[in-house]
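Peer 1: In my numbering, the protein residues as written are 5 to 467. For glycine and all other residues, C-beta sits at the position ideal for the given N, C-alpha and C. Nothing here was measured: the structure is a model prediction, and the numbers come from that model. Handing you a structure now.
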Amino acid sequence: MIHMQNLILKFVDSARAAGLRISTSETLDCLNQLQHIDPLEESQFSRTLRANFAKSHRDQHLFNHLYDLFFHELRDNENLSGSEKISHIKNEIKIRLKTDMGNDGPMVPIIEFLDGNPANYLQRLRQIESEGTGTTRGVGSGFGGMVRRLDIMLAINRAGVSVSQFLAKNRTRIHWETRQDIETHYQQRRDSALRLLTGNRTSGNKRQRTRKSYDRHLGKLGETAFTSLTRKEVEEMRDAIRALVRKLKDTVTLRYAVHARGVLDVKKTLRKAARYQGLPMEIVYRKKPPRRGKIVVLCDVSGSVWSSAKFMLNMLYSLQECFTKVRSFIFVSGLDEVSHFFEDHDVDQAIDRVMSDADIAYDASTDYGQTFREFKTDYLDILNKKTTLIIIGDGRSNYTNPEAGILNEMREKCRRVLWLNPETEVFWYSGDSEMRTYQEICNEVRPCGNLNQLIEFIRELIL
């Protein structure tokens, strides 16, 4: 019960910081009522909090937003909870962040937010918002608010770089799976901080487009970042992907049936017409099936990138009859082909094998340049003008040579190069990211951090 009290008090602090007016008596009433329900039953738990803390329509909306942030977005990853070793590593990261970013001033709320304490960060955002909407607004005050938001955005990015550097420096001490879980954990929290920072600036049109996207695909699950999915949600998403794949196969089969008849064969039609005094009673078409291209996929399997890459591979191989051939490679620093896993096992088993049995150093530092060099040496000849090369990765190469020239050679050899980046777009051109360089070479670069974005890409690829 003590833990529950502390949790509620922490939530109340955060809610007050965000603008909810919650009195001490309302807090005590809520704590008393929670003793008479099962707090593990979320519907009862959330209704109890809402009844005590949300007193108006405006409060209801803000409460729902804060509840989702506090009890869902900022919850600890299942793989990172209950371990003293993990807690020790997270404490080391917190110390590293304070050292790199400073232990005073505007950096403190960000460090606290990443540590699961959002109150000061929410209060800071509220201050910035009020500065931009107050009655005393003067000339240039809007620009000042924009600058302060940009400062926070850059600080969030610096925090991400600091965490990545810490994990890279300690890769021999921390198991690669643990490093992936920790990196995903902090990526989720940085994404949440960024959404809060930019969320109030979202236009009505964008909200409308997002709602249409929900309707088209999978509601809220379709917009959830791959890195934020729980195990239950991963299973739900796999079921959704299987259903979607069946629909896409039906669509493609119908399209192929229509296109397969080809264009009108005039000569054969006229010859057959001779049997009917020149009337074209039998129309003959040239048998020409639609072009089905070859796919070559390069997947970065380091850090949180793998969360997106595995769903991409799942869909590509589930739809592989829509292509002439699908060949897949994974990399961190070195490169290894994993196509045979998908030939010998079903898709889900193959994806599990990819992360355990491939011939690469999973705990190495990511090096896109080395990957491109190995691909050029061993596999460049598999690319031709019928090949679509898909690269899935965040483009972060630890300040090594990006080998843009080799990527350009690869583009010249194939039909097109498509780059899918699961990282939030605002971070693409910061730190050790080479996305600005690679974007100039690729035919298309697009975000792919959730299922809706992946579905849109797959539809455009095969239809």
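Please confirm whether P122 and L73 have their CB atoms less than 8 angstroms apart.
Peer 2: Position 118 of the sequence shown, counted from the start, is the residue given in the question as residue 122. Position 69 of the sequence shown, counted from the start, is the residue given in the question as residue 73. Cβ atoms of P122 and L73: closer than 8 angstroms.
Peer 1: Can you tell me the Cβ-Cβ gap for L320 and I299, rounded? I've got them flagged as a contact below 8 angstroms.
Peer 2: Indexing the sequence shown from 1 puts residue 320 at position 316. Indexing the sequence shown from 1 puts residue 299 at position 295. So it is a contact: roughly 6 angstroms between Cβ atoms.
Peer 1: How is the alpha helix (DSSP H) around E30 delimited, first residue to last?
Peer 2: As a working mapping, residue 30 is identified with position 26 in the sequence shown. That run of the alpha helix (DSSP H) goes 28–38.
Peer 1: Using the three-state DSSP reduction, which class does A244 fall into: helix, strand or coil?
Peer 2: Your numbering for residue 244 matches position 240 in the sequence shown. Reduced to three states, the DSSP call for A244 is helix.
Peer 1: Are the CB atoms of T392 and R357 nearer to each other than 8 angstroms?
Peer 2: Working through the sequence shown from its first residue, we reach residue 392 at position 388. Working through the sequence shown from its first residue, we reach residue 357 at position 353. In this structure, R357 does not lie closer than 8 angstroms to T392 by Cβ.
Peer 1: In or out: K389 buried (at least 16 other Cβ within 10 Å) or exposed?
Peer 2: As a position in the sequence shown, residue 389 is number 385, starting the count at 1. Exposed is the call here.
Peer 1: With DSSP collapsed to three states, give me the class of S168.
Peer 2: Locating residue 168 in the sequence shown gives position 164, counting from the first residue. The answer is helix: DSSP assigns S168 an H, G or I state.
Peer 1: In the DSSP assignment, find the alpha helix (DSSP H) that holds K389 and state where it starts and stops.
Peer 2: On the sequence shown, residue 389 is found 385 positions in, with the first residue counted as 1. Here K389 belongs to no alpha helix (DSSP H), and DSSP marks it neither H nor E.
Peer 1: Distance, Cα to Cα, G453 vs Q131?
Peer 2: The residue given as residue 453 occupies position 449 in the sequence shown. The residue given as residue 131 occupies position 127 in the sequence shown. Between G453 and Q131, the C-alpha separation is close to 30 angstroms.
Peer 1: Measuring only the C-alpha atoms, how far is T370 from L387?
Peer 2: Walking along the sequence shown from the start, residue 370 turns up at place 366. Walking along the sequence shown from the start, residue 387 turns up at place 383. Between T370 and L387, the C-alpha separation is close to 24 angstroms.
Peer 1: Between D63 and L24, which are expected to be in contact by the criterion C-beta below 8 angstroms, what is the C-beta distance as a whole number of angstroms?
Peer 2: The residue labelled residue 63 in the question sits at position 59 within the sequence shown. The residue labelled residue 24 in the question sits at position 20 within the sequence shown. Yes, D63 and L24 are in contact; Cβ-Cβ is about 6 angstroms, under 8 angstroms.
Peer 1: Give the straight-line distance between the Cα atoms of C303 and F67, rounded to the nearest whole angstrom.
Peer 2: Within the sequence shown, numbered from 1, the residue matching residue 303 stands at position 299. Within the sequence shown, numbered from 1, the residue matching residue 67 stands at position 63. Taking the straight line from one Cα to the other gives about 40 angstroms.
Peer 1: How about R183 and L118: are their beta carbons less than 8 angstroms apart?
Peer 2: For this step, residue 183 is matched to residue 179 along the sequence shown. For this step, residue 118 is matched to residue 114 along the sequence shown. The answer is no: Cβ separation not under 8 angstroms.
Peer 1: Buried or exposed: V167, going by 16 or more other Cβ atoms within 10 Å of its Cβ?
Peer 2: Reading the sequence shown from its first residue, position 163 is the one you call residue 167. Buried, because 16 or more other Cβ atoms sit within 10 Å of the Cβ of V167.
Peer 1: Please classify D398: does DSSP put it in a helix, a strand, or coil?
Peer 2: To locate residue 398, count along the sequence shown from 1; it is residue 394. Coil at D398, not helix or strand.
Peer 1: How do the region 153–173 and the region 415–435 stand: do at least 3 beta-carbon pairs fall below 8 angstroms, yes or no?
Peer 2: Yes: the two stretches touch, three or more of their Cβ pairs being nearer than 8 angstroms.
Peer 1: Taking only beta-carbon positions, decide if L317 is within less than 8 angstroms of chain B.
Peer 2: Looking at the structure shown, chain B is missing, and only one protein chain is on hand.
Peer 1: Would R531 be called buried (16 or more neighbouring beta carbons within 10 Å of its own) or exposed?
Peer 2: Here the chain covers residues 5 to 467 and nothing more, so residue 531 does not appear.
Peer 1: My understanding is that I466 touches L252, with C-beta atoms under 8 angstroms, so please give their C-beta distance in whole angstroms.
Peer 2: As a first step, residue 466 must be located in the sequence shown, where it is residue number 462. As a first step, residue 252 must be located in the sequence shown, where it is residue number 248. 7 angstroms between Cβ atoms; contact.
Peer 1: Could you give the distance in angstroms between the alpha-carbon of L154 and the alpha-carbon of N174?
Peer 2: By 1-based counting over the sequence shown, the position of residue 154 is 150. By 1-based counting over the sequence shown, the position of residue 174 is 170. Rounded to the nearest angstrom, the two C-alpha atoms are 31 angstroms apart.
Peer 1: How many Å lie between V238 and N124 at the Cα?
Peer 2: Along the sequence shown, read from residue 1 onward, the residue named residue 238 stands at position 234. Along the sequence shown, read from residue 1 onward, the residue named residue 124 stands at position 120. About 32 angstroms.
Peer 1: Considering only the alpha carbon of each residue, which of L13, I287, I355, A247 lies closest to H344?
Peer 2: Translated into the one-based positions of the sequence shown, residue 344 becomes position 340. Cα-wise, what sits closest to H344 is I355.
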